[in-house]
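Undergrad: Take this structure first; my questions come after.
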Amino acid sequence: MKKFILLLFAMSLSFCSKNDNDAVDNPIDPVENTTLMKELTASSEGWKLTYISADDSFGGYQFLMKFDTQGKVSMLSDLSGTTTPTISSYSTQEEARGLVLSFIGQNQIHLLADALQGEIGYAHTGKVYQFLYTGKDGNKLKFQNLLVKGNSFIYFEPATSADWTRTPALYRNITPITENATHYYLKVSTATGTPTTYPIQFTNRVLALKDTQSKVAVLATEKGVAFNRTFTLGGQPFTELERVAGNMPPVYKATVNGVTAELFYSSVPPNFFDNDDYKDVNTTIEGFALISQAFKNNEYMSEAFYEDVLKVNASTDLFMLRIMFDGTDDCNIQIGHRFPDSGFSILQISCKYELKNKRLYLKDSDKNLSTSDAKAWSDEKNKAILEQAKRALGAIYDLGTQGFYIKKLNIKVQPQEDNPVYLLQSYEFPLYAFPIWGVPK
């Protein structure tokens, strides 16, 4: 709806040069003014705008703008993953209240209408984006923000060529938190004390710790995210969190004077796996097994695991996954499939396993494949199944090298409703989680 309203207003700008709401404040018709245009076109690499509140009501949205003398402006922002600047029109007009910059048509800055929620979002919806030029502040251009109430100002500062290169990275670093905020948690820990984990809210790029008064506006950086001001956690001043390489969804982390803050993703509350269910391995159960058709639509099956591990194509899934334990350290990871011509057959790799840190670890595999029916697996018409089975075996092992959390669920799944059901979740890549039967000893 916001986009529809914005489109109507963008179309109307072809016929009027000011916001209708401002008619009372502008008793004279606006006149095009080149003074402001000269300022806007003076910076060879354009301008950088960090759109952020001073009171932590909304966080930092970053825009790059390059103006030309023909009334065109090209933009990039961290609200979009595009690397190609978006071009639209602008005007610089002298009104009774002063020199006004107006953005005409849709461009990156208008994405604020959808990005901002609540009252501040409505302030950016269905409006002409106008800013009153108030002069220079050093090498910056200062504008009064006419979109919001109060005496609010924004600043254009000279951009560099590097700014244009790094903007897509800003989008990649901030978007995972925005899109998955309900699954992110902030853990604060010291070298000696017990960690404290907070569920968070992340609305309008403001990080808030639930059930506390702590909040801070956030903006993206090349390395991760930064706080608009010093944010006190565990008694220490934090200014940024760096994205940790390798984790997906990303983990953001920093340590200050022995206190570590870690913003991490979990599909379930962090204490969900704070149990000893992993000890069932090789005591009450001798392995895990799932049949894809029985579990694919289960509420605990993550989309990532089903799509990347179990699914062959739109009409076919791998029939079965098993993780079987032999003694105190041997393990077989198995994919079982029913072939129309030859029936059921298993493809497997062997490895070692270890139980520690409340996780099941897989290790020391040479990834050599063995099978009960090499002919069926090597049949050309089964090529897609073979390739997916090999990917699945590799994925289970690779996910297990950093450990699976294990949780016994209070559910039953047919046709093996007498078997206990467990949830396994990758420690390193928590988007990969799947329910599975325990195979009783």
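Note that the working numbering gives residue 157 to position 174 of the sequence shown, counting from 1, and the numbers run on in steps of one. For glycine and all other residues, C-beta sits at the position ideal for the given N, C-alpha and C.
If you count every other CB in all the chains shown that lies within 10 Å of the CB of A359, and 16 or more means buried, which is it?
TA: With 16 or more other Cβ atoms within 10 Å, it is buried.
Undergrad: What does DSSP give as the partner residue(s) for A266 in the beta ladder?
TA: Checking the displayed sequence, the identity of residue 266 turns out to be Thr instead of Ala. Paired residues: none, contrary to the question.
Undergrad: Keeping to the same chain, check which residues put their C-beta closer than 7 Å to that of S353; ignore five residues upstream and five downstream.
TA: So the list reads Q331, once near-sequence residues are dropped.
Undergrad: DSSP on Y167, reduced to helix/strand/coil?
TA: The answer is strand: DSSP assigns Y167 an E or B state.
Undergrad: From this set, G207, I157, E411 and G54, which residue's C-alpha is nearest M20's C-alpha?
TA: Checking every option, the nearest Cα to that of M20 belongs to G54.
Undergrad: Based on the DSSP secondary-structure assignment, which residues constitute the bridge partners of T17?
TA: Answer by DSSP bridge pairing: none, since T17 is not bridged.
Undergrad: When you compare the region 244 to 253 with the region 324 to 338, are there three or more beta-carbon pairs, one atom per stretch, that lie closer than 8 Å?
TA: The answer is no - the region 324 to 338 does not touch the region 244 to 253, with fewer than three Cβ pairs under 8 Å.
Undergrad: Going by other Cβ atoms of all chains shown within 10 Å of its Cβ, with 16 needed for buried, is T215 buried or exposed?
TA: Classification of T215: exposed, given that the 10 Å Cβ count is below 16.
Undergrad: Mind checking who E140 pairs with in its DSSP beta bridge?
TA: Looking at the DSSP assignment, E140 forms a beta bridge with K31.
Undergrad: On the DSSP bridge list, what partners appear for H320?
TA: Paired residue(s): S328.
Undergrad: When we look at the beta-carbon of A37 and count the other beta-carbons within 10 Å, is it buried (16 or more) or exposed?
TA: With fewer than 16 Cβ atoms within 10 Å of its Cβ, A37 is classed as exposed.
Undergrad: Note down, in chain order, each residue of its chain lying with its Cβ closer than 6 Å to the Cβ of D260, except the 5 sequence neighbours on either side.
TA: Only I389, K390 and K391 meet the Cβ criterion.
Undergrad: By Cβ distance below 8 Å, which residues in the same chain neighbour N134 in space, the five residues on each side in sequence not counted?
TA: Around N134: Q127.
Undergrad: Can you list, in chain order, the residues of its chain whose CB lies under 7 Å from that of K193, leaving out five sequence neighbours each side?
TA: Excluding positions up to five away in sequence, the list reads Y181, P182, I183 and Q184.
Undergrad: Compare the C-alpha of L94 against each of H107, I87 and G101 and name the closest.
TA: Measuring from the Cα of L94, the nearest candidate turns out to be H107.
Undergrad: In terms of residue numbering, what span does the beta strand (DSSP E) encompassing I394 cover?
TA: Neither: I394 is in no beta strand (DSSP E) and is coded neither H nor E.
Undergrad: Are the region 70 to 90 and the region 218 to 236 touching by the rule of at least three beta carbon pairs closer than 8 Å?
TA: The answer is no - the region 218 to 236 does not touch the region 70 to 90, with fewer than three Cβ pairs under 8 Å.
Undergrad: Could you say which of K294, T266 and E269 lies nearest to K279 if we only look at CA atoms?
TA: Taking only the C-alpha atoms, the option nearest K279 is K294.
Undergrad: In whole angstroms, what separates the C-alpha of A467 from that of Q91?
TA: The structure shown has nothing for residue 467, since the chain only spans -16 to 424.
Undergrad: Please return the same chain residues whose Cβ sits closer than 8 Å to the Cβ of Y112, not counting the five positions on each side in sequence.
TA: The answer, listed in chain order, is S85, F86, I92, H93 and L130.
Undergrad: Helix, strand or coil, according to DSSP, for S275 in the structure here?
TA: Correct three-state label for S275: helix.
Undergrad: Is it buried or exposed, D349, if we count other Cβ atoms within 10 angstroms and call 16 or more buried?
TA: So D349 ends up on the exposed side.
Undergrad: Just tell me which of I268, A25 and F412 has its CA closest to the CA of D309.
TA: Measuring from the Cα of D309, the nearest candidate turns out to be I268.
Undergrad: From this set, G218, Y44, T65 and F50, which residue's C-alpha is nearest T186's C-alpha?
TA: Nearest of G218, Y44, T65 and F50 to T186, Cα basis: Y44.
Undergrad: Name the DSSP bridge partner or partners of N315?
TA: According to DSSP, which records beta bridges pairwise, N315 is partnered with M307 and S333.
Undergrad: Which residues in the same chain as G81 place their Cβ atom closer than 7 Å to its Cβ, once the five residues preceding and following it in sequence are excluded?
TA: Here the set comprises L115 and Y116.
Undergrad: Taking the straight line between their C-alpha atoms, what separation do you get for Y283 and A142?
TA: One C-alpha to the other measures close to 47 Å.
Undergrad: Would you kindly work out how many angstroms separate the C-alpha atoms of A203 and G270, rounded to a whole number?
TA: Near 44 Å, if we compare the C-alpha coordinates of G270 and A203.
Undergrad: Since T243 and S172 should fall inside the 8 Å C-beta cutoff, what is the C-beta to C-beta distance between them, to a whole number of angstroms?
TA: About 5 Å; that satisfies the 8 Å criterion.
Undergrad: Given that a residue counts as buried once 16 or more other Cβ atoms are within 10 Å of its Cβ, and exposed if not, what is V297?
TA: Correcting the residue type first, residue 297 is Ala in the shown sequence and not Val. A297 is exposed by the Cβ-count criterion.
Undergrad: Answer with yes or no whether the minimum CB distance from K391 to chain B is below 8 Å.
TA: The chain labelled as chain B is not found in the depicted structure, where only one protein chain is given.
Undergrad: Tell me, please, which residues DSSP counts as bridged to G229.
TA: Paired residues: none, contrary to the question.
Undergrad: Within this structure, are the beta carbons of G42 and V201 separated by less than 8 Å?
TA: Yes; because the gap between Cβ atoms is below 8 Å, this pair is in contact.
Undergrad: Give a yes or no on whether the C-beta atoms belonging to V199 and D39 are separated by under 8 Å.
TA: Result yes, Cβ atoms of V199 and D39 sit closer than 8 Å.
Undergrad: Name the two residues that bound the continuous alpha helix (DSSP H) containing K382.
TA: The sequence given here places Leu at residue 382; Lys does not occur at that position. From DSSP, the alpha helix (DSSP H) with L382 extends over K366 to G383.
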